[in-house]
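The numbers in our numbering rise by one with no breaks, and the one at position 88 of the sequence shown is 93. Here's the structure we're looking at; comments come further down.
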Amino acid sequence: MKNENKTWFITGTSQGIGLVLVKQLLAQGFNVVATARNAASLKTPVGSSSDQFLPLQVNLIDEESVKQAVTTAVEKFGSIEYLVNNAGYGLIGGIEESSDAEVRANFDVNVFGLLNVTRAILPHMRAAKFGHVINLSSVFGLIAGAGWGIYCGTKFAVEGLSEALAQEVKPFGINVTLIEPGYVRTNFLNSSSLIASKNPIEDYKSIRDGVNAHQNDLPGKQLGDPEKVADLIIKVTQNPEPPLRLLTGSDAYGFANYKIDSLKTEIEANKELTFSTDFPL
6 MKNENKTWFI
16 TGTSQGIGLV
26 LVKQLLAQGF
36 NVVATARNAA
46 SLKTPVGSSS
56 DQFLPLQVNL
66 IDEESVKQAV
76 TTAVEKFGSI
86 EYLVNNAGYG
96 LIGGIEESSD
106 AEVRANFDVN
116 VFGLLNVTRA
126 ILPHMRAAKF
136 GHVINLSSVF
146 GLIAGAGWGI
156 YCGTKFAVEG
166 LSEALAQEVK
176 PFGINVTLIE
186 PGYVRTNFLN
196 SSSLIASKNP
206 IEDYKSIRDG
216 VNAHQNDLPG
226 KQLGDPEKVA
236 DLIIKVTQNP
246 EPPLRLLTGS
256 DAYGFANYKI
266 DSLKTEIEAN
276 KELTFSTDFP
286 L
């Protein structure tokens, strides 16, 4: 199947990795369905009036809005081979500082929105006995840090859901891959993607200060190149046996291995206690 006959459905395409991916795919001749909260915002940065480009305004947490977008995409292109769940943002602040409404809003977009899109597209992939679901997670879906607990919680959820989904849809010729970036040189660290809790507690000031320093010091110094990340996403779909998890960036590799080593150390240190809860053989 030639590129022009293959269709990508990508969420969260107004900026960052999503926008870069849209541009690369169009340059390679793929059909691209790009969703955003405001479809008009895509026309200028993408600069494409091609028949192979379909920008759609979608509310990911509205299941009917998502279903209509998928129907529109299939009516135009006939099929959807690749889904990239990229939309997301981060709530920052201590767990205790985060209100119920703030937490639910973050999970709505990062988790429930992802599920809405995935459920809407999977029937088309199952019918075709082919497809690839790419879920943008983060290395912080493997390891969490103070001040980032809610955002990390959403990504931990995406990790578990994706691991199970991969097993469920494999018999239908559908692959699932988690992309786990480290810090990528996009605007994710600014206020368009990170929202601070509106309920600061003085006892957690040092944590907030640490997060703020991170936001101020790191932009422009992130190791990850968004062009290379987008290119890697395209390449992983060409792998007949794609990985379930794919870290991007040497920093992600370091964080992940730190977590693996610390987890193994803790498990082994408590092995006797762990085994003590078994019934006697």
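Where a beta carbon is used, it is the ideal one built from N, C-alpha and C, also for glycine.
What residues in its chain sit with their C-beta under 6 Å from that of A19, if we drop five residues either side in the sequence?
The question names Ala, but residue 19 is Ser in the sequence shown. A41, S46, listed in sequence order.
Which residues does DSSP list as the beta-bridge partners of W13?
V37, Y87
Does the stretch 65 to 72 come close enough to the stretch 114 to 132 to have 3 or more Cβ pairs within less than 8 Å?
yes
Going by beta carbon distance, what residues of the same chain come within less than 8 Å of S55, once the five residues before and after it are set aside?
L31
Between which two residues does the alpha helix (DSSP H) carrying R250 extend?
Per DSSP, R250 belongs to no alpha helix (DSSP H); it is in the beta strand (DSSP E), 250 to 253.
If you draw a straight line from the C-alpha of T242 to the C-alpha of A151, how long is it?
Between T242 and A151, the C-alpha separation is close to 34 Å.
Residue nearest to F117 in terms of C-alpha spacing, selected from W13, F82, K134, A162:
A162
Could you pull the DSSP bridge partners for A201 from this structure?
I97
Taking only three categories from DSSP, how would you classify F58?
Looking at F58 - three-state DSSP - the assignment turns out to be strand.
If you follow the alpha helix (DSSP H) that L147 is in, where does it begin and where does it stop?
Where L147 is concerned, there is no enclosing alpha helix (DSSP H), given that its DSSP letter is neither H nor E.
Which residues in the same chain have their Cβ closer than 8 Å to the Cβ of E232, if we skip the five residues on either side of it in sequence?
Residues of the same chain with a CB within less than 8 Å of the CB of E232, apart from the 5 flanking positions on each side, are V25, Q29 in chain order.
Exposed or buried, L268, counting other C-beta atoms within 10 Å across all chains shown (16 or more means buried)?
Exposed, since its Cβ has fewer than 16 Cβ neighbours within 10 Å.
Report the residue ranges of all alpha helix (DSSP H) runs contained in full by the stretch 97 to 134; include only those spanning at least 4 residues, in chain order.
105 to 112, 119 to 133
Are Q57 and N43 close, meaning C-beta to C-beta below 8 Å?
no
If W13 sits next to I97, beta carbons under 8 Å apart, how far is it from one beta carbon to the other, in whole angstroms?
So it is not a contact: roughly 30 Å between Cβ atoms.
Using the beta-carbon count (16 or more within 10 Å), is A169 buried or exposed?
exposed
In the DSSP assignment, what residue or residues form a beta bridge with I155?
In the DSSP output, where bridge partners are listed per residue, I155 has none listed.
Select from I155, S143, I85, A133 the residue whose C-alpha is nearest the C-alpha of I200.
I155
With contact counted as at least three CB pairs below 8 Å, one residue from each stretch, are the stretch 252 to 266 and the stretch 212 to 226 in contact?
no
Go ahead and pull the three-state DSSP assignment for N180.
strand
Report yes if the CB atom of N64 is closer than 8 Å to the CB atom of G93, and no otherwise.
No. Outside cutoff.
Every unbroken beta strand (DSSP E) inside the stretch 238 to 278 [3 residues or more]
250 to 253
Alpha-carbon to alpha-carbon, I148 and V108:
19 Å
N- and C-terminal bounds of the alpha helix (DSSP H) containing D214:
210 to 222
Measure the C-alpha to C-alpha separation of R190 and L228 and round it to an integer number of angstroms.
7 Å
Measure how close the beta-carbons of V89 and L141 come, nearest whole angstrom, since I'm counting them as under 8 Å.
Rounded, the Cβ-Cβ distance is 7 Å, consistent with contact.
Check the DSSP bridge columns for G229 and list the partner residues they point to.
V189
What's the call for E86, buried or exposed, on a 16-neighbour Cβ count within 10 Å?
It is buried - the Cβ of E86 has at least 16 other Cβ atoms within 10 Å.
In whole angstroms, what separates the C-alpha of S197 from that of E273?
42 Å
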